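Going letter by letter, the sequence shown gives residues 7 to 247 in UniProt numbering. Heads up, the thing below is written out as C-alpha cells.
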Amino acid sequence: PTGRPMLELDGVSAGYGPVQALSAVSVRVMPGEIVTLIGANGAGKSTLLMTICGDPKPRAGRIVLEGKDIAGLPTHAIMRLGLAQSPEGRRVFPRMTVNENLVMGAETLGSGGDRSAVLGEVFALFPRLRERLSQRAGTLSGGEQQMLAIGRALMSRPRLLLLDEPSLGLAPLIVRQIFAAIRDLNARTGLTVLIVEQNANLALRLAHRGYVLVNGRIAMEGTGAELLARPEVRDAYLGGG
Ligand code: ATP
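The following block contains the structure:
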C-alpha cells in the first residue's frame, strides 16, 4: 500500500534504567494492514507496544500516528488518538462482569459513539461473550478472557489495534479461532492491526507483513510469506520445520 502510514516508528530506542530494550527500531504500519512483530522471549516485543502507548517513553526516534508525532505524549493522550491495546496476559478486570469490562472499554468512545452498535459488532465477532455477559471475567476460560480483552479494546472503535501475544497460554484450536476472528474483522472493516507474537507460524500466516526483532533490533522484514520461507526464520522461530 502507498500513502500515509497509520503508524511509523523511526529510529526508536527505549528501555528501563540501564536496560536498553529497543535500539533504533523502525517499523511502518499502513492503513488496513495486519503487521506482526515476532521475536524470542525478551527480544523487546512488549516494550515496543508499550513505547507506542507512551510508557516507557522513547529515548530517541519518532513515533508518528496518522501524521502526528506522539513520542513523549502521556498515555491517556495517546489512547484518545484512536489506538487501543489488548495487553499481554489479557488483563481483564476479574471481579467485574463481562458486560462491565466491555463498558469500561467504551470509555474513550465519546458522546458521538453508539455503544450498543459497537457491542453488537463485538458479539458478532465473539458470540461467546454475549452468552457470558453477566459472568465475572475472572471465571472465564483463558480463551474467553482473551476474546474479552480484544473485545474490550474494540469497544473504543480504534483505528489501530495493538495486540500483545494473543496466543499466549491458549490451546491451538482457540488460538486459530481468535486469529480467524482478527482476520475477518480486518477483511470486513479494514481495521489496522499490529500484533506481537511468539507464535511466529500463525502470526506470519495471519499478517500481510512482518518484522523480526532480535535483541531489541529489527533483524528482518518482509511479507508474511517471505518471512515464513526464510531459513533463518524457520530455524529460529518455527522449530526448523
Ligand atoms: P516476552 O515474549 O518474554 O514477553 P518481549 O519480547 O516482550 O519478551 P520485553 O518484555 O519487551 O520482551 O523485554 C525486553 C527487555 O527489557 C528484557 O531484557 C526485559 O528483561 C527488559 N525489561 C522489560 N520490562 C522491564 C522493566 N519494567 N524493568 C527493567 N527491565 C525490563
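Don't be surprised by glycine CBs; every beta carbon is placed ideally from N, CA and C. All of these numbers come straight from a predicted model, not from anything done at the bench.
For the putative contact between residue i and residue j, defined by C-beta atoms under 8 angstroms, what is the C-beta separation to the nearest angstrom?
i	j	result
residue 148	residue 175	6 angstroms
residue 129	residue 136	4 angstroms
residue 157	residue 132	6 angstroms
residue 88	residue 164	6 angstroms
residue 39	residue 198	6 angstroms
residue 96	residue 152	5 angstroms
residue 68	residue 77	6 angstroms
Measuring only from the beta carbon, is residue i closer than 6 angstroms to any heavy atom that is part of the ligand ATP?
i	result
residue 47	yes
residue 63	no
residue 29	no
residue 173	no
residue 92	no
residue 52	yes
residue 25	yes
Which residues does DSSP pair with residue i in a beta bridge?
i	result
residue 75	70
residue 19	66
residue 92	169
residue 180	Residue 180 is not bridged to any residue.
residue 125	BP columns for residue 125 are empty, so no partner.
residue 229	215
residue 26	21
residue 135	In DSSP, residue 135 forms no bridge with anything.
residue 14	34, 70
residue 1	The question about residue 1 has no answer, for the chain in this structure spans 7 to 247.
I'd like to check one pair, residue j with residue i: are the Cβ atoms closer than 7 angstroms?
i	j	result
residue 50	residue 27	yes
residue 139	residue 98	no
residue 83	residue 159	no
residue 18	residue 215	no
residue 36	residue 64	no
residue 244	residue 207	yes
residue 81	residue 60	yes
residue 170	residue 52	yes
residue 232	residue 44	no
residue 143	residue 172	no
residue 150	residue 134	yes
residue 62	residue 20	yes
residue 230	residue 213	yes
residue 161	residue 108	yes
residue 210	residue 234	yes
residue 104	residue 14	no
Between residue i and the ligand NAP, is there a pair consisting of the residue's CB and a ligand heavy atom that are separated by less than 6 angstroms?
i	result
residue 22	With respect to the ligand NAP, the structure offers nothing, as its ligand set consists of the ligand ATP.
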